Amino acid sequence: MPDHFTNETSVMEEFIEQLCHYTNLRAQQVKASKPTDYYTSKWTNIECDEMKPFIGIRMIVKHSLTKPRYEDYFSKEATNFVTFTPGFRDVFTRDRFLAIWKFIHIHYTD
Numbered sequence: 153m154p155d156h157f158t159n160e161t162s163v164m165e166e167f168i169e170q171l172c173h174y175t176n177l178r179a180q181q182v183k184a185s186k187p188t189d190y191y192t193s194k195w196t197n198i199e200c201d202e203m204k205p206f207i208g209i210r211m212i213v214k215h216s217l218t219k220p221r222y223e224d225y226f227s228k229e230a231t232n233f234v235t236f237t238p239g240f241r242d243v244f245t246r247d248r249f250l251a252i253w254k255f256i257h258i259h260y261t262d
């Protein structure tokens with residue numbers, strides 16, 4: 153494997169680890185201040201294996217297929233077969249996706 157590929161992969165892995173760390177930290181901060189919040193009450197720490205598909209789905213949501221609300225990507229009703237996205241539910245529940253989106257953080261904040 154070429155060195156530049158190994159280095160780029162290593163940097164990406166480190167970024168994802170940091171993203172998980174700060175996202176989990178942010179969730180704990182919010183949980184401390186709002187213990188009855190819907191998403192904090194259900195929060196479990198995110199691991200790298202879960203963050204990677206989250207980033208992929210987030211890129212699709214942002215750049216390929218736009219719907220009015222994030223919840224619409226997880227709809228069980230096929231109102232339009234062209235824009236129906238049943239695969240999203242195979243990767244995440246709607247609530248888990250929205251919880252990660254709520255807490256995702258790249259750096260530490262007080």
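Numbering (the numbering used here), first residue to last: 153 to 262.
Note that CB positions come from ideal geometry on N, CA and C, so glycine has one too.
All values reported here derive from a predicted model rather than from experimental measurement.
When the five nearest sequence neighbours on each side are left out, the beta carbons in the same chain lying within less than 7 Å of the beta carbon of Y174 are those of H257, I258, H259, Y260, in order along the chain. Counting along the chain, no alpha helix (DSSP H) covers E223, and no H or E run does either. Straight-line spacing of the CA atoms in K228 and C172 works out to 29 Å. F226 sits away from R210, with the two beta carbons spaced by 7 Å or more. C-alpha of N176 to C-alpha of S193: approximately 13 Å in a straight line. The shortest CA-to-CA distance from D201 to any of V243, K254, L250, W253 is the one to V243. Boundaries for W195: no alpha helix (DSSP H) harbours it, and the DSSP string shows neither H nor E there. When DSSP states are grouped into helix, strand and coil, K214 belongs to the helix group. Rounded to the nearest whole angstrom, the C-alpha separation of G208 and Q181 is 26 Å.
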